[in-house]
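A.B. asks: So the sequence lines, in the order shown, correspond to chains A and B. To convert, note that position 193 of the first sequence is 193 in the UniProt record's numbering; the numbers rise steadily by one, no gaps. To convert, note that position 12 of the second sequence is 12 in the UniProt record's numbering; the numbers rise steadily by one, no gaps. Handing you this structure, nothing more for now.
Number of protein chains: 2
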Amino acid sequence: MGRRSDAGDRILAAGTKLFGQRAYAAIGVAEIAAEAEVPKGSFYYFFPSKQALAMAVVNRHWEHQRAEWLRILTAPDSLADRLRALFVSTAEVQRQAVNGTGAVVGCLFGNLALEVSAQDDPLRIRLQEIFEEQIDIVEDAIRGAIEAEEVTVATPRESAKSIVAQIEGMVLFAKLFNDPGQLDRLWQDSMRLLGVDEEAAAA
Amino acid sequence: MGRRSDAGDRILAAGTKLFGQRAYAAIGVAEIAAEAEVPKGSFYYFFPSKQALAMAVVNRHWEHQRAEWLRILTAPDSLADRLRALFVSTAEVQRQAVNGTGAVVGCLFGNLALEVSAQDDPLRIRLQEIFEEQIDIVEDAIRGAIEAEEVTVATPRESAKSIVAQIEGMVLFAKLFNDPGQLDRLWQDSMRLLGVDEEAAAA
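As structure tokens, this is what we get:
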């Protein structure tokens, strides 16, 4: 049992690594098994298909990221400070990736979203759900700030979506230019998208 | 000669279609040749490699899009009106794609950027150049608006980059949700990123 679940973990870790590096479509089960150092047959003991592994990888990644977003965005600080902490954390993840592998990994969800969107499959639906959840978390933080009279935002959900879109766009630049510094403007942009004077917020 | 250049055009069109639909890494020369209805050997008469074709596809796409962006963003209108026209045009391209193929195609450059970023190849460098050019065009429009005293923007290049990032993020949503309506907020977001009161700009 110990060895078996160890192999399952290794397959999950191999999928996370490979899907973060190259196109999902270009990675086969044989390569994932080799990276995990398990026989190809073992792969199918744990996952019925590459898609099932991708779903598990996505779910585990979101489980971790969701906990981090909730921890940061429900903290007892101002919305401006909470968003700043979120972007510091986002940039830190990319800086660690550069230090570890030499490359900005970008956003696993965004990478997969652009690739699987042409297909109407369960992975695409799951990615839609995850982005909706990201927007939910930011929306809740904005609504809290409205109640606390920190900001006046007419359409909290639309503003939350604009902020998540800005994160995805800037992460794309960070990945293309292999430069986590591309994320440094996210806080200022988010303040502007919320209609907050960033100089007042920074003070 | 007539037949030969016709075949070259067909290969270019096949590459444009296939790279817009699926992962670059998952598409082989044989499939491109089949889509173009030319023998596989003919492919290599026109393009030394799949990468060479991708470069030609990207360059032709940017040639067209660049002309469109310049036409719209150098028009003798206010910056607010020019940006509105740009986003109407962007959404129209995606709506035509939905009507034609049933799917939002997204941004060819963004799709490829997320896939090739892990590799240090000429395609990645070319995509960096194209995004820099997009930012240049928007920056020039902003600088013109500053001179015309339409807006006050402290860092025109950074604001231009924020707008291009917002386009990429919203196009990702349009693709993932297969819904060009996701682009409808781009104008309002851009006004906010420029620090312009959108109600005043809309009036």
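Cβ coordinates follow ideal geometry from the N, Cα and C atoms, glycine included. Keep in mind that this is a model prediction, so the values were computed, not measured.
1) List the residues of chain B whose Cβ lies closer than 7 Å to the Cβ of N111/A, in chain order.
2) Use the C-beta contact count for R185/A: other C-beta atoms within 10 angstroms, 16 or more gives buried, fewer gives exposed.
3) Which stretch, first to last residue, makes up the alpha helix (DSSP H) that contains A141/A?
4) Answer yes or no: does any C-beta atom of chain B fall closer than 8 Å to that of E158/A?
5) Is R60/B closer than 8 Å to L12/B when the C-beta atoms are compared?
6) Using only CA atoms, which one of A200/A, V93/A, A75/A, A54/A lies nearest to I137/A?
7) For K17/B, which residues in chain A fall below 9 Å Cβ to Cβ?
8) Relative to the alpha-carbon of K175/B, which residue among V116/A, L108/A, G100/A has its alpha-carbon at the smallest distance?
9) Consider the Cβ of M170/B: report whether some Cβ of chain A lies at a distance smaller than 8 Å.
10) Measure the C-alpha to C-alpha separation of G15/A and K161/A and round it to an integer number of angstroms.
11) Check whether chain B comes within 8 Å of A201/A, counting only Cβ atoms and requiring the distance to be less than that.
12) Can a CB atom of chain A be found closer than 8 Å to the CB of L83/B?
13) Rounded to whole angstroms, how far is the Cβ of L73/B from the Cβ of A141/B, which I believe are closer than 8 Å?
14) Kindly say whether L73/B, judged by its beta-carbon, lies nearer than 8 Å to any beta-carbon of chain E.
15) Using a C-beta to C-beta distance shorter than 8 Å, which residues of chain A count as neighbours of L127/B?
16) Please list the segments of the beta strand (DSSP E) lying wholly inside the region 37-97 of chain A, counting only runs of 3 or more residues, in order along the chain.
17) Between the region 104-111 of chain A and the region 49-64 of chain A, do three or more beta carbon pairs fall short of 8 Å?
18) To which residues of the same chain is P156/B closer than 6 Å at the C-beta, ignoring the five residues directly before and after it?
19) Name the chain A residues that come within less than 7 Å of R192/B, Cβ to Cβ?
20) The UniProt domain "HTH tetR-type" (5-65) of chain A: which residues have C-beta closer than 8 Å to a C-beta of chain B, in chain order?
21) Can you find a C-beta in chain A that's less than 8 Å from the C-beta of Q96/B?
22) What residue does the alpha helix (DSSP H) around F109/B start on, and which one ends it?
23) For Q166/B, would you say it is in contact with chain A, using Cβ-to-Cβ distances shorter than 8 Å as the test?
24) Quick check on D189/B - is its C-beta less than 8 Å from some C-beta in chain A?
25) In this structure, how does DSSP classify V104/B when only helix, strand and coil are distinguished?
26) Report the neighbours of R185/B on chain A: residues whose CB is nearer than 7 Å to its CB, in chain order.
27) How many Å lie between M1/A and A7/A at the Cα?
28) Using the C-alpha atoms, what's the distance from P122/A back to S190/B?
29) How would you label N178/A, buried or exposed, when you count the other beta carbons within 10 angstroms and need 16 or more for buried?
30) Any Cβ of chain A within less than 8 Å of the Cβ of residue 214/B?
C.D. replies: According to the data block:
1) L114
2) buried
3) 122-147
4) yes
5) yes
6) A75/A
7) Here the premise fails: no neighbours, minimum Cβ distance about 11 Å.
8) V116/A
9) yes
10) 29 Å
11) no
12) no
13) 4 Å
14) No chain E is present in this structure, whose protein chains are A and B.
15) L176
16) none
17) yes
18) E139, I142, R143
19) R192, L193, G195
20) Q21, R22, A23, Y24, A25, A26
21) no
22) 108-116
23) yes
24) yes
25) coil
26) E158, S162
27) Residue placement at M1/A cannot be trusted, given a pLDDT of 41 that sits under 50; the coordinates are not used to answer.
28) 33 Å
29) buried
30) Residue coverage of chain B in this structure runs from 1 to 203, which leaves residue 214/B outside it and unanswerable.
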